[in-house]
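**Student:** Could you have a look at this structure, given as structure tokens, before my questions?
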Ligand code: B12
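Right, dumping it as structure tokens:
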């Protein structure tokens, strides 16, 4: 039954052209030491007690677009991907409902606006951790989930379902190269300081950076994910020269895009 459901799910996901997905049993939240520090209220069963499996889907951010970030181009793709994630996840929950397994989707973010993150810089459910538990990748120094295909240039959302679906194994190979580019390039030094060792973002600094860019209409920042060398997308888009990020003068195409569509 779990196998059959997996096959149906895979077909529906393919039908929506979703390039990444994985499945985690809801029990994994309790079993995994990697979630140390995460209060139980954030576990899928605390949010939806009927949950047996969590399906995580991911859409990529195109490398040539994020190379221009912060820019209106990345800002617009971020919105498009967000909308697709929510719509696709909702549709998958409906498919599972129809098959007799009541399911709910979780919004890809889950906060009203950046000021809502000032007091409590978290959402009620973490897709990064769900993606990790669904075998989609491993955590990088940039605190993002790195995937083989797109590195950290992928956004996720999750569906909490009462169905038991054949799960994926957790990835055991560490994908992060620990090169430190994300740490060095962060414009507000949110990824490293005496008090905040890598892998734990100093969230308020990152949030403030987003707020500044928001005034200009070009949030989010995205630098810690664009400079990451991990991901097959680098070869696909022929963007393997990492030196390009070290130079003061960037490709003319990036500078061109950045000149347009920004609030004064
Ligand atoms: C709030 C939020 C932000 C905030 C706060 C940043 C942050 N690091 O949390 C802001 C607005 C600044 C932000 C920025 C970014 N975000 Co954001 N964000 C979220 C959001 C909505 C919620 C995260 C959350 O609350 N998780 C729940 C808690 C429980 O987990 P946690 O914060 O990781 O904390 C755990 C550990 O890190 C640890 N911990 C945390 N702090 C501390 C401190 C100490 C001292 C210790 C010991 C432990 C510890 O304990 C916690 C429990 O395990 C998620 C979407 C979602 N709903 O999942 C996206 C999400 C994480 N963001 C994402 C992205 C891509 C970004 C940006 C690159 C911006 C962008 N969109 O281009 C930057 C990168 C910032 C970075 N390098 O960390 C993606 C990540 C995709 C991926 N591949 O992993 C997500 C999943 C959105 C999505 N739907 O895809 N984000």
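Residue numbers (this note's numbering): 1112 to 1375.
From the three backbone atoms N, C-alpha and C, an ideal C-beta is built for every residue, glycine too.
Closest to residue 1124 by C-alpha separation, out of 1199, 1209 and 1317, would be which residue?
**Tutor:** Position 13 of the chain shown, counted from the first residue, corresponds to residue 1124. Nearest of 1199, 1209 and 1317 to residue 1124, Cα basis: 1199.
**Student:** Could you tell me the alpha carbon to alpha carbon distance between residue 1146 and residue 1213, rounded to whole angstroms?
**Tutor:** For the purposes of this step, residue 1146 is taken as residue 35 along the chain shown, with counting starting at 1. For the purposes of this step, residue 1213 is taken as residue 102 along the chain shown, with counting starting at 1. One C-alpha to the other measures close to 26 Å.
**Student:** Can you tell me where the beta strand (DSSP E) holding residue 1268 begins and where it ends?
**Tutor:** Translated into positions along the chain shown, residue 1268 becomes position 157. Start and end: 1265 to 1272.
**Student:** Can you name, in chain order, every residue of its own chain whose Cβ lies under 6 Å from the Cβ of residue 1270, other than the five neighbours on each side?
**Tutor:** As a first step, residue 1270 is located in the chain shown; it is residue number 159 there, counting from the start. Within the same chain, residue 1270 has close Cβ partners 1166, 1200, 1203, 1204, 1214 and 1216.
**Student:** State yes or no: is the C-beta of residue 1320 within less than 8 Å of the C-beta of residue 1341?
**Tutor:** As a first step, residue 1320 is located in the chain shown; it is residue number 209 there, counting from the start. As a first step, residue 1341 is located in the chain shown; it is residue number 230 there, counting from the start. Result no, Cβ atoms of residue 1320 and residue 1341 do not sit closer than 8 Å.
**Student:** By a C-beta neighbour count over all protein chains shown, 10 Å radius and 16 as the cutoff for buried, is residue 1235 buried or exposed?
**Tutor:** Mapped onto the chain shown, residue 1235 falls at position 124. It counts as exposed.
**Student:** Looking at residue 1311 and the ligand B12, is the gap between the Cβ and the nearest heavy atom below 7 Å?
**Tutor:** Within the chain shown, the letter at position 200 stands for residue 1311. Answer for residue 1311: yes, Cβ within range of the ligand B12.
**Student:** When you compare only the Cα positions, how much space is there between residue 1297 and residue 1333?
**Tutor:** As a first step, residue 1297 is located in the chain shown; it is residue number 186 there, counting from the start. As a first step, residue 1333 is located in the chain shown; it is residue number 222 there, counting from the start. Spanning the two alpha carbons is a distance of roughly 9 Å.
**Student:** Which residues in the same chain as residue 1192 place their Cβ atom closer than 7 Å to its Cβ, once the five residues preceding and following it in sequence are excluded?
**Tutor:** Here residue 1192 refers to the residue found at position 81 when the chain shown is read from its first residue. Contacts found: 1170, 1172 and 1266.
**Student:** If I measure Cβ to Cβ from residue 1112 and keep anything under 8 Å in the same chain, skipping five residues before and after, which residues do I get?
**Tutor:** Mapped onto the chain shown, residue 1112 falls at position 1. Contacts found: 1275.
**Student:** Ignore the nearest five residues each way along the sequence and tell me which others in residue 1279's own chain have a CB closer than 6 Å to its CB.
**Tutor:** Position 168 of the chain shown, counting from 1, holds the residue named residue 1279. Within the same chain, residue 1279 has close Cβ partners 1133, 1134, 1245 and 1246.
**Student:** Classify residue 1348 as helix, strand or coil using the three-state DSSP reduction.
**Tutor:** Here residue 1348 refers to the residue found at position 237 when the chain shown is read from its first residue. Coil at residue 1348, not helix or strand.
**Student:** Counting Cβ pairs closer than 8 Å, one from the region 1364 to 1375 and one from the region 1281 to 1296, do we hit at least three?
**Tutor:** Taking 8 Å as the limit for Cβ pairs, the verdict is that the region 1281 to 1296 does not touch the region 1364 to 1375.
**Student:** Could I get the ranges of all uninterrupted alpha helix (DSSP H) runs contained in the region 1127 to 1175, with 4 residues as the minimum, in chain order?
**Tutor:** Listed in chain order, they are 1139 to 1142 and 1155 to 1158.
**Student:** By the 10 Å Cβ neighbour count, where 16 or more other Cβ atoms means buried, how is residue 1355 classified, buried or exposed?
**Tutor:** Your numbering for residue 1355 matches position 244 in the chain shown. Exposed, by the Cβ-count rule.
**Student:** Figure out for me which residue from 1346, 1363 and 1237 has the closest Cα to the Cα of residue 1222.
**Tutor:** To locate residue 1222, count along the chain shown from 1; it is residue 111. Among 1346, 1363 and 1237, the Cα nearest to that of residue 1222 is on 1237.
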